[in-house]
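Undergrad:
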Amino acid sequence: MHFRRLEDAELSNTTAVVRVDFNVPRRENGSISDDTRIDAAIPTIKFLREAGAKVVLLSHFGRPKGEPKPELSLSFLIPVLRQKLGEDISFSDGINATDLNAPITLVENTRFHAGETKGDEDLARQWAALGDIYVQDAFSASHRDHVSSAGLAKFLPAFAGLAMERELDHLAQALENPKQPVLGVVGGAKVSTKIDLLSNLVTKLDMLAIGGGMANTFLAAQGFDVGKSLCEHDLAGTAKDIMKAAADSGCQILLPIDVVAATDFAANAPHRVCGLDQVAAHEMILDAGPETVEGLLDAIDRARTLIWNGPLGAFEITPFDTSTVEAAQYAGKRVKNNGLIAVAGGGDTVAALKHAGAADNFTFISTAGGAFLEWMEGKALPGVEILRGDLS
Ligand code: AMP
Numbered sequence: 011m012h013f014r015r016l017e018d019a020e021l022s023n024t025t026a027v028v029r030v031d032f033n034v035p036r037r038e039n040g041s042i043s044d045d046t047r048i049d050a051a052i053p054t055i056k057f058l059r060e061a062g063a064k065v066v067l068l069s070h071f072g073r074p075k076g077e078p079k080p081e082l083s084l085s086f087l088i089p090v091l092r093q094k095l096g097e098d099i100s101f102s103d104g105i106n107a108t109d110l111n112a113p114i115t116l117v118e119n120t121r122f123h124a125g126e127t128k129g130d131e132d133l134a135r136q137w138a139a140l141g142d143i144y145v146q147d148a149f150s151a152s153h154r155d156h157v158s159s160a161g162l163a164k165f166l167p168a169f170a171g172l173a174m175e176r177e178l179d180h181l182a183q184a185l186e187n188p189k190q191p192v193l194g195v196v197g198g199a200k201v202s203t204k205i206d207l208l209s210n211l212v213t214k215l216d217m218l219a220i221g222g223g224m225a226n227t228f229l230a231a232q233g234f235d236v237g238k239s240l241c242e243h244d245l246a247g248t249a250k251d252i253m254k255a256a257a258d259s260g261c262q263i264l265l266p267i268d269v270v271a272a273t274d275f276a277a278n279a280p281h282r283v284c285g286l287d288q289v290a291a292h293e294m295i296l297d298a299g300p301e302t303v304e305g306l307l308d309a310i311d312r313a314r315t316l317i318w319n320g321p322l323g324a325f326e327i328t329p330f331d332t333s334t335v336e337a338a339q340y341a342g343k344r345v346k347n348n349g350l351i352a353v354a355g356g357g358d359t360v361a362a363l364k365h366a367g368a369a370d371n372f373t374f375i376s377t378a379g380g381a382f383l384e385w386m387e388g389k390a391l392p393g394v395e396i397l398r399g400d401l402s
């Protein structure tokens, strides 16, 4: 994928306004429970500093809805960043450009300004005045047409940061320019949240395995009685349309051929493996059965690229994590031993692959939620579009 990278930018003696994603989860006592997002931004900040640039960091945090809310201030990050970067960090309201003499400045929560989410040009001009170039390093916010995630490009030359670059290169490797055949694995709760995603994928992939609760909707659409399974019966027509679009584009759909049916949605609930036509009225499908897993492992063997979103069953409760765990572990092995390219992301996917102990073996796991899904849906992401093309 062609986009402007930091290596294309003149950096020495400049100030880079860098969009990062510091929207980290915090515990009740205020401590950070997962600093993955902060760590993801560190290489870009260090790269800029080593190239002789000053750095101004912009991030949203929570949903202050356009007004300053002290409990959503980003000031809690100052000691964390100081420790991770080994440099002094100054803090700014982001409006007064004259207070920006420090090598690294963290600007207060971008969403304290109502204009941020509205793409307000006056706000864009104010933030653009903080620096000379704009570095977009927050793929996870790139599906938003906000000032900090896209709008600044109107006033400053925009470049991808290193985390963004890594993300875009891997995503291109999976869907834009992949080694074929490409297998998609899509699971999760509902078809309704993934109609666009499924519709896009069937036009691009060679094989698509559908699992999780959403597979029940497809099975019901084919006339199987799914008992009290999670199922969107009203989307039977949509499921059929997706099957037809897949057939028209030569994408093979893999649906469960056997299932694990349980009496309750609870860990270790009484359960059994059964055929698609054997689910009783009081049972619910909570996982794919062993023959389905066998078929999926075969498909993984045939694929040279795998793109995965969503668990194949109710993976949070044992033993209904079995198919997700087995398929994820197998994919991880194929990456290590056979050069499979496996990219995953979105929603619960990271948790499911971590649970399987397979996350580290995947080629790339995107921690972006909505942006990853919109990219899988084939949508243009405003924060990525601004990085394309040549600067005039
Ligand atoms: P999503 O956010 O759409 O990726 O959905 C993830 C959720 O789907 C997880 O919490 C799973 O427990 C749930 N899920 C997956 N398969 C099933 C199923 N067969 N029945 C009910 N929930 C499921």
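Here this note's numbering is used: position 219 in the sequence shown is 229, and no number is missing along the way.
All C-beta atoms, glycine included, are put in the ideal place defined by N, C-alpha and C.
#1: So, helix, strand or coil for residue 302, using DSSP?
#2: Please go through the same chain and pick out, in chain order, the residues whose beta-carbon is closer than 8 Å to the beta-carbon of residue 65, but skip the five residues on each side of it.
#3: Say the cut is 7 Å; is the CB of residue 200 nearer than that to a heavy atom of the ligand AMP?
#4: Determine the DSSP secondary structure at residue 11, reduced to helix, strand or coil.
#5: Is it true that the CB of residue 168 sits closer than 8 Å to the CB of residue 11?
#6: Nearest to residue 163 by alpha carbon, out of 131, 104 and 188?
#7: Does the structure place the region 327-339 close enough to the region 358-374 that three or more beta carbon pairs sit under 8 Å?
#8: I need the DSSP call for residue 374, collapsed to helix, strand or coil.
#9: State buried or exposed for residue 8, treating a residue as buried only when at least 16 other CB atoms are found within 10 Å of its CB.
#10: Is there contact here, the region 229-246 with the region 378-392, by at least three beta-carbon pairs under 8 Å?
#11: For residue 210, which three-state DSSP category applies?
#12: Apart from the five residues just before and just after residue 303, which ones in its own chain have a Cβ nearer than 7 Å to its Cβ?
#13: Taking the alpha helix (DSSP H) that residue 259 belongs to, which residues open and close that run?
#14: Is the beta carbon of residue 294 less than 8 Å from the beta carbon of residue 325?
#15: In three-state DSSP terms, what is residue 281?
#16: Residue 261 and residue 215: beta carbons closer than 8 Å?
#17: Should residue 371 go down as buried or exposed, given a rule of 16 or more other Cβ atoms within 10 Å for buried?
#18: So, for residue 123: in the same chain, excluding its five sequence neighbours on each side, which residues have a beta-carbon less than 6 Å away from its beta-carbon?
#19: Please report the residue range of the beta strand (DSSP E) in which residue 90 lies.
#20: Rounded to the nearest angstrom, what separates residue 250 and residue 231 at their Cα positions?
#21: Between residue 225 and the rest of its own chain, which residues show a CB-CB distance below 7 Å, the 5 nearest in sequence each way excluded?
TA: Taking the geometry as given:
#1: helix
#2: 25, 26, 28, 55, 58, 59, 113, 114 and 115
#3: yes
#4: coil
#5: no
#6: 131
#7: yes
#8: strand
#9: Residue numbering for the chain in the displayed model covers 11 to 402; residue 8 lies beyond these limits and cannot be assessed.
#10: no
#11: helix
#12: 333, 336 and 337
#13: 246-259
#14: no
#15: strand
#16: yes
#17: buried
#18: 133
#19: From DSSP, residue 90 is part of no beta strand (DSSP E) but of the alpha helix (DSSP H) over 87-95.
#20: 7 Å
#21: 265 and 266
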